[in-house]
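Our numbering numbers the first residue of the sequence shown as 1 and each following residue consecutively.
Take a look at the structure set out below.
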Amino acid sequence: MRKCISHLVTGVFLLATLGAHFAFAQEEGGESPAPDLGEMDLEQLTSLKVEKVYGVSKFEQVVTEAPASVSVITADEIRHYGWRTLADVLRSSRGFFTSYDRNYSYIGMRGFNRPGDYNTRVLLLVDGHRINDVIYETAAIGTEFILDLALIDRIEIIRGPSSSLYGAGAFFGVINVITRSARQIEGAEVAASAGSQHTGAGRLTYGKSFDGGEFVASGSTYKSRGNASLFYPQFDDPATNNGIASDMDRDRNYSLFASGRLQDFTLTGALVSRDKRVPTASFDTIFNDPRTHSIDRRGYLDLRYDKALEGTGVTARVFYDEYRYKGDFAYEKGPDDPGFYPASYVNRDDHLARWWGAEAQASRQILPRLQLTAGTSFRDSFQKLPNYDAVPQGRRLDNNRSDLFWGVFGQGELRLFEQLIVNVGLRHDNYQTFGGVTSPRVAVIYTPVEGSVFKYIQGKAFRAPNAYELRYNDVFDSNAANPGLRPETVRTSELIYEQYLGDVLRTSLSLFQNKIDNLISYQDLPSGQVSFGNADRVKAVGGEFEVEGQWSSGYAARTSYSFVSARDEGKDQRLDYSPRHLAKLNLTAPLYRKELFAGLELQGTARREFSHEGVQAAAPGYLIANATLFSTGFVPWLDASFSIYNLFDRRYDDPATTDHRQSVIAQDGRTFRVQATCRF
Numbered sequence: 001m002r003k004c005i006s007h008l009v010t011g012v013f014l015l016a017t018l019g020a021h022f023a024f025a026q027e028e029g030g031e032s033p034a035p036d037l038g039e040m041d042l043e044q045l046t047s048l049k050v051e052k053v054y055g056v057s058k059f060e061q062v063v064t065e066a067p068a069s070v071s072v073i074t075a076d077e078i079r080h081y082g083w084r085t086l087a088d089v090l091r092s093s094r095g096f097f098t099s100y101d102r103n104y105s106y107i108g109m110r111g112f113n114r115p116g117d118y119n120t121r122v123l124l125l126v127d128g129h130r131i132n133d134v135i136y137e138t139a140a141i142g143t144e145f146i147l148d149l150a151l152i153d154r155i156e157i158i159r160g161p162s163s164s165l166y167g168a169g170a171f172f173g174v175i176n177v178i179t180r181s182a183r184q185i186e187g188a189e190v191a192a193s194a195g196s197q198h199t200g201a202g203r204l205t206y207g208k209s210f211d212g213g214e215f216v217a218s219g220s221t222y223k224s225r226g227n228a229s230l231f232y233p234q235f236d237d238p239a240t241n242n243g244i245a246s247d248m249d250r251d252r253n254y255s256l257f258a259s260g261r262l263q264d265f266t267l268t269g270a271l272v273s274r275d276k277r278v279p280t281a282s283f284d285t286i287f288n289d290p291r292t293h294s295i296d297r298r299g300y301l302d303l304r305y306d307k308a309l310e311g312t313g314v315t316a317r318v319f320y321d322e323y324r325y326k327g328d329f330a331y332e333k334g335p336d337d338p339g340f341y342p343a344s345y346v347n348r349d350d351h352l353a354r355w356w357g358a359e360a361q362a363s364r365q366i367l368p369r370l371q372l373t374a375g376t377s378f379r380d381s382f383q384k385l386p387n388y389d390a391v392p393q394g395r396r397l398d399n400n401r402s403d404l405f406w407g408v409f410g411q412g413e414l415r416l417f418e419q420l421i422v423n424v425g426l427r428h429d430n431y432q433t434f435g436g437v438t439s440p441r442v443a444v445i446y447t448p449v450e451g452s453v454f455k456y457i458q459g460k461a462f463r464a465p466n467a468y469e470l471r472y473n474d475v476f477d478s479n480a481a482n483p484g485l486r487p488e489t490v491r492t493s494e495l496i497y498e499q500y501l502g503d504v505l506r507t508s509l510s511l512f513q514n515k516i517d518n519l520i521s522y523q524d525l526p527s528g529q530v531s532f533g534n535a536d537r538v539k540a541v542g543g544e545f546e547v548e549g550q551w552s553s554g555y556a557a558r559t560s561y562s563f564v565s566a567r568d569e570g571k572d573q574r575l576d577y578s579p580r581h582l583a584k585l586n587l588t589a590p591l592y593r594k595e596l597f598a599g600l601e602l603q604g605t606a607r608r609e610f611s612h613e614g615v616q617a618a619a620p621g622y623l624i625a626n627a628t629l630f631s632t633g634f635v636p637w638l639d640a641s642f643s644i645y646n647l648f649d650r651r652y653d654d655p656a657t658t659d660h661r662q663s664v665i666a667q668d669g670r671t672f673r674v675q676a677t678c679r680f
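See the structure below:
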């Protein structure tokens with residue numbers, strides 16, 4: 001029966017994604033109804049109701065005029081689908097895939113996800129504040145993300161290069177997270193959740209608005225035992241607990257967030273601290289040793305000024321940020337270790353970065369059809385990357401450095417005709433480490449008739465080599481610094497067609513080509529060390545198709561299919577870790593009035609092939625389902641939900657990086673979560 005149900009769900013999914021079954025050739029075999037489009041007249045079908053976005057051009061505009069392919073994820077969707085982390089949100093979004101190595105979650109986008117990359121090619125913002133740190137340039141999307149998802153009002157997912165506005169990091173896209181305002185909270189919220197693997201979480205939030213300002217404060221905590229017994233056949237030996245990692249998946253965090261606005265000034269502060277055990281014995285550490293764990297702590301203060309001055313919109317901010325990473329790695333004493341060392345000891349990375357900076361921009365309608373935006377930014381940072389053995393008089397390697405960066409940008413949007421917009425942007429950035437780089441973007445947006453939009457975008461983006469890639473080494477001398485690293489660049493061409501049918505349906509078709517040069521990747525050196533180098537050249541060609549609908553009765557649906565052919569042109573082979581096909585389906589249905597909803601999502605990822613320690617390996621394709629029941633309104637002050645993840649208990653794996661003895665990392669089977677939120 002279980003197998004029949006699985007095949008039935010698979011069939012429904014493949015039909016909904018318009019023939020996406022080709023993507024998985026490698027796999028094993030209420031209330032008022034939604035309106036009938038056939039009964040709607042032309043005026044109803046073309047009466048547009050579209051989202052507005054800010055992050056594409058750094059001023060508010062409707063999605064149809066934004067020079068990018070954009071998705072907007074709302075707070076309602078986060079609740080209705082039971083998403084727990086930002087990784088869950090992205091995994092459900094068109095063109096994205098993720099992987100998880102039992103420590104961090106990694107972003108894959110449009111067929112690209114490199115080993116050793118800590119999400120450096122996607123820029124993550126919270127209310128316009130850059131979250132990527134200055135050591136690894138990480139966009140943290142797992143339990144180490146700086147916000148509780150309940151504080152999010154919406155998420156703008158902007159695809160394509162955006163270095164013309166944002167500089168380094170906006171390589172493949174930008175994720176702009178916008179928090180809830182005090183007016184949306186207006187009082188206190190208390191939330192609690194519990195679930196599988198002895199998982200529990202709690203949150204307390206308060207928001208208050210007043211004349212000329214508002215205030216929001218929130219604190220959250222999370223604790224999970226994780227999977228209590230993980231089996232890794234690579235360690236199946238009595239000396240290593242027969243390959244069973246016991247109580248090694250523990251995950252704990254807390255986060256704080258506060259924001260206050262008075263007139264034109266907004267002061268925001270955020271902090272997250274996460275402690276995660278590492279069960280996979282990565283980096284050749286001792287298997288099943290609870291001393292191996294990582295701690296990530298990220299915080300910032302941001303003072304922003306927003307003002308409209310005689311028709312010119314002015315935004316300025318000053319900020320202070322801090323990131324600390326402490327990684328403890330348990331090792332057995334080796335032949336090259338000092339004689340006074342104990343039989344086993346901890347090697348520690350204790351990395352710290354502090355940086356401050358400022359940004360300013362102005363936007364003005366110069367002529368009735370011309371909008372100009374210009375701005376500048378700078379950042380001064382200090383980084384410490386010590387590695388040492390945590391024993392008295394143990395080996396120690398220090399690596400301290402400061403970096404200075406500045407950038408200027410300008411953008412013009414000209415409406416040549418009512419139906420035709422040309423958007424041109426240019427930015428120049430200068431780094432103390434490697435000098436300057438210039439990033440352009442040109443977009444043409446054509447609306448022949450209301451509801452039909454064509455966009456053609458060409459752009460260039462870059463990713464600057466980060467401190468970890470440039471300078472990191474350890475006491476084992478296993479890494480070689482490469483201060484001569486150059487920035488990697490991507491040139492993108494994209495054609496987008498969007499069709500709107502009133503406020504009911506939207507379709508989107510994107511065809512794109514990415515050409516990446518000077519790709520920064522791991523290199524094995526003759527000395528036996530590893531180093532980062534500018535070695536690879538990649539070309540990716542693909543397309544994405546999406547249909548989404550939203551009905552006033554409460555029904556909502558979104559389905560997408562993505563195809564990418566990505567090749568390493570230097571090696572003339574298919575790019576490692578790259579799935580050719582992704583298919584997704586999200587459905588929301590009101591079960592009782594608009595007080596009880598059911599949310600179902602299906603996610604299909606094709607086979608991912610890669611080389612692991614010189615041997616070809618693969619993570620097979622998979623299809624998983626998640627389901628959520630969400631209630632609101634039964635009790636005026638209470639929201640509740642019950643979610644089941646991996647509904648059919650499907651076994652699936654994610655690829656492991658070369659830091660692991662395993663070639664693939666098994667993911668969780670069926671789990672559940674129940675959550676309640678009380679408002680006062």
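Where is the CB? At the ideal position from N, CA and C, for every residue including glycine.
Which residues bound the alpha helix (DSSP H) around Arg730? For residue 730 there is no data in the structure shown, the boundaries of the chain being 1 and 680.
Environment of Arg369 [buried if 16+ CB atoms lie within 10 Å]: Arg369 is classed as exposed because its beta carbon has fewer than 16 other beta carbons within 10 Å across all chains shown.
As assigned by DSSP and simplified to three states, the class of Arg486: It is coil, neither helix nor strand.
Whole-Å CB distance - Lys455 paired with Ser439, under 8 angstroms assumed: In fact, because the Cβ distance is near 19 angstroms, the residues do not count as touching under 8 angstroms.
Inter-stretch contact (C-beta, 8 angstroms, three-pair minimum) for the region 127-142 and the region 63-70: With a cut-off of 8 angstroms, the region 63-70 and the region 127-142 do not count as touching, because too few Cβ pairs lie within range.
For the region 353-381, which segments carrying the beta strand (DSSP E) assignment without a break, of at least 3 residues, lie completely within its bounds, in sequence order? Whole beta strand (DSSP E) segments, 3+ residues: zero.
Are the Cβ atoms of Val134 and Val174 separated by less than 9 angstroms? Not in contact: Val134 and Val174 (Cβ atoms no closer than 9 angstroms).
Anticipated Cβ contact below 8 angstroms, Gly226 with Asp251, distance rounded: Under the criterion of beta carbons closer than 8 angstroms, Gly226 and Asp251 qualify as touching, at roughly 6 angstroms.
Please name the residue, chosen from Phe382, Leu420, Tyr232, that lies closest to Ile665 on a Cα-to-Cα basis. The residue from Phe382, Leu420, Tyr232 with its alpha-carbon nearest to that of Ile665 is Tyr232.
Quick one: what does DSSP say His80 is sitting in, helix, strand or coil? Here His80 sits in helix by DSSP.
When you compare the CB positions of Glu60 and Val53, do they come within less than 9 angstroms of one another, or not? For the 9 angstroms CB-CB criterion, Glu60 and Val53 form a contact.
Could you spell out where the alpha helix (DSSP H) holding Asp88 opens and where it closes? Looking at the DSSP string, the run of the alpha helix (DSSP H) that includes Asp88 is 86-91.
Local Cβ density within 10 Å of Tyr592, reported as buried at 16 or more and exposed below that: The residue in question, Tyr592, is exposed, as its Cβ has fewer than 16 Cβ neighbours within 10 Å.
Counting beta carbon pairs with one atom in the region 232-248 and one in the region 190-203, are three or more of them shorter than 8 angstroms? Contact fails: fewer than three Cβ-Cβ distances are below 8 angstroms.
Less than 9 angstroms between the beta carbons of Arg427 and Leu596, yes or no? Arg427 places its beta carbon 9 angstroms or farther from that of Leu596.
Given Tyr341, which residues of its chain have a CB within under 8 angstroms of its CB, disregarding the five upstream and five downstream residues? Lys333, Asp389, Val391, Gly394.
Contacting residues, own chain, Cβ-Cβ under 6 angstroms from Phe681 (five flanking each side not counted): Missing from the structure shown is residue 681; the chain here goes from 1 to 680 and no further.
In three-state terms, what does DSSP make of Asn242? Per DSSP, reduced to three states, the secondary structure at Asn242 is helical.
9 angstroms Cβ cutoff met for Glu189 and Leu204: A contact, by the Cβ cut-off of 9 angstroms.
Of all the alpha helix (DSSP H) runs that stay within the bounds of the region 176-237, which reach a length of 4 or more residues? Counting only runs of at least 4 residues, the region 176-237 fully encloses the following alpha helix (DSSP H) elements, listed from N- to C-terminal order: 182-185.
Whole-angstrom Cβ separation of Ile158 and Val89, contact assumed at under 8 angstroms? Contact between Ile158 and Val89 does not hold, since the beta-carbon distance rounds to 14 angstroms and is not under 8 angstroms.
Closest Cα partner of Ala598 within the set Ser643, Val615, Leu647: For Ala598, the closest alpha carbon among the candidates Ser643, Val615, Leu647 is that of Ser643.
In the structure shown, what three-state DSSP assignment does Tyr104 receive? Tyr104 falls in the coil class under three-state DSSP.
Which residue comes first and which comes last in the beta strand (DSSP E) that contains Ala619? Here the beta strand (DSSP E) through Ala619 covers 615-619.
Of the residues Phe329, Ala316, Asp337, Glu569, the one placed nearest Gly375, counting alpha carbons only: Nearest option by C-alpha distance: Ala316.
Does DSSP classify Arg274 as helix, strand or coil? Look at Arg274 here: in three-state DSSP terms it is strand.
Outcome for Thr120 when other beta-carbon atoms lying within 10 angstroms are tallied against a minimum of 16: The residue is buried, with at least 16 neighbouring Cβ atoms inside 10 Å.
Taking the beta carbon of Asn626 as the centre, do at least 16 other beta carbons fall within 10 Å, making it buried, or is it exposed? Taking all protein chains in view, the Cβ of Asn626 is crowded by 16 or more other Cβ atoms within 10 Å, so the residue is classified as buried.
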